[in-house]
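The block underneath contains the structure these notes are about, expressed in structure tokens.
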Amino acid sequence: GENVEQHPSTLSVQEGDSAVIKCTYSDSASNYFPWYKQELGKRPQLIIDIRSNVGEKKDQRIAVTLNKTAKHFSLHITETQPEDSAVYFCAARPNTGKLIFGQGTTLQVKP
Amino acid sequence: NAGVTQTPKFQVLKTGQSMTLQCAQDMNHNSMYWYRQDPGMGLRLIYYSASEGTTDKGEVPNGYNVSRLNKREFSLRLESAAPSQTSVYFCASSPGRIATYEQYFGPGTRLTVT
Numbered sequence: 001g002e003n004v005e006q007h008p009s010t011l012s013v014q015e016g017d018s019a020v021i022k023c024t025y026s027d028s029a030s031n032y033f034p035w036y037k038q039e040l041g042k043r044p045q046l047i048i049d050i051r052s053n054v055g056e057k058k059d060q061r062i063a064v065t066l067n068k069t070a071k072h073f074s075l076h077i078t079e080t081q082p083e084d085s086a087v088y089f090c091a092a093r094p095n096t097g098k099l100i101f102g103q104g105t106t107l108q109v110k111p
Numbered sequence: 001n002a003g004v005t006q007t008p009k010f011q012v013l014k015t016g017q018s019m020t021l022q023c024a025q026d027m028n029h030n031s032m033y034w035y036r037q038d039p040g041m042g043l044r045l046i047y048y049s050a051s052e053g054t055t056d057k058g059e060v061p062n063g064y065n066v067s068r069l070n071k072r073e074f075s076l077r078l079e080s081a082a083p084s085q086t087s088v089y090f091c092a093s094s095p096g097r098i099a100t101y102e103q104y105f106g107p108g109t110r111l112t113v114t
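Respectively, the protein sequence lines represent chains A and B. Positions 1 to 111 (the working numbering) are the ones given, in order, by the first sequence. Positions 1 to 114 (the working numbering) are the ones given, in order, by the second sequence.
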């Protein structure tokens, strides 16, 4: 079945720096790749997603890139702010129709 | 709209006890899901319901049962709780019958089994 590996597990950056989180997936049939943000004690919320027919998608300071050949996708956050501190989860959707989540990355943005 | 609601917010059970976690959504979504979240493990799918009247197993279904009571409600039952089921449980819903739409999560239930 599908397996999603997420790296790094923790990431600490200075405010204003960029942060990059990378995920790799195993099932080449996966066609949908969302990213969720979970603040401490809160529920996960979708921040951006990408489908397999697109290589890159941007939304203000957030971007996601997808490399289908290498089977990896990445989240890029530019000009990080303290409110970006949270746990970020990537996920992939194979043909089974179920989302498979990565293990999560704890991002800390230091002021 | 309340979105996705879950009850209870917190629960402590003794080993062997049973309980039902309740989930409801008011967004007229077709699909509903139950996940568990453990440190370092991400979100793992327990069961899901692609539409009213259907349910299917996820990655970690053992020890759980579900009921899609109607389009709004999807409950998760632990028949005989075990310490390994200590976790945070999230219910989610999405508009489509397949998981290529945003999933909206409930606030979670923190369950401790002693």
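Note that CB positions come from ideal geometry on N, CA and C, so glycine has one too. Small disclaimer: the values here were computed from a predicted structure and weren't measured.
Kindly identify the DSSP beta-bridge partner or partners of His76 (chain A).
-> Here residue 76 (chain A) refers to the residue found at position 76 of the first sequence. Looking at the DSSP assignment, His76 (chain A) forms a beta bridge with A:Val20, A:Ala63.
So with Cβ pairs under 8 Å, would you call Phe73 (chain A) a contact of chain B?
-> Against the first sequence, residue 73 (chain A) aligns to sequence position 73. No, no contact with chain B.
Interface residues of chain A around Met32 (chain B) at Cβ under 8 Å?
-> Numbered from 1 along the second sequence, position 32 holds the residue referred to as residue 32 (chain B). Residues of chain A passing the Cβ test: none, with the nearest at roughly 13 Å.
Within-8 Å CB hit, Lys57 (chain A) to chain B = Numbered from 1 along the first sequence, position 57 holds the residue referred to as residue 57 (chain A). Judged by the 8 Å Cβ criterion, Lys57 (chain A) is not in contact with chain B.
Short CB-CB distance (under 8 Å) between Tyr48 (chain B) and chain A | In the second sequence, counting from the first residue as 1, residue 48 (chain B) sits at position 48. For Tyr48 (chain B), the nearest beta carbon of chain A is closer than 8 Å to its own beta carbon.
If you pair each beta-carbon of the stretch 57 to 67 of chain B with each one of the stretch 107 to 114 of chain B, do three or more pairs fall below 8 Å?
-> No, because fewer than three Cβ pairs between the stretch 57 to 67 of chain B and the stretch 107 to 114 of chain B fall closer than 8 Å, the two stretches do not touch.
Amino acids of chain B, ordered along the chain, whose beta-carbon sits closer than 7 Å to that of Pro8 (chain A) = Stepping through the first sequence from its first residue, residue 8 (chain A) is reached at position 8. Residues of chain B whose Cβ lies closer than 7 Å to the Cβ of Pro8 (chain A) do not exist; the shortest such Cβ separation is about 13 Å.
May I ask which residues mark the beginning and end of the beta strand (DSSP E) holding Pro34 (chain A)?
-> The residue labelled residue 34 (chain A) in the question sits at position 34 within the first sequence. For Pro34 (chain A), the enclosing beta strand (DSSP E) has its first and last residue at 32 to 38.
For Lys22 (chain A), return the contacting residues in chain B, with the cut-off set at a CB-CB distance below 8 Å.
-> Residue mapping note: residue 22 (chain A) aligns to position 22 of the first sequence, counting from 1. Within chain B, no residue comes near Lys22 (chain A); the closest Cβ sits about 15 Å away, beyond 8 Å.
With 8 Å as the C-beta to C-beta threshold (strictly closer), list the residues of the stretch 94 to 108 of chain A near chain B in chain order.
-> Of all residues in the stretch 94 to 108 of chain A, only Gly97, Lys98, Leu99, Ile100, Phe101, Gly102, Gln103, Gly104 place a beta-carbon less than 8 Å from a beta-carbon of chain B.
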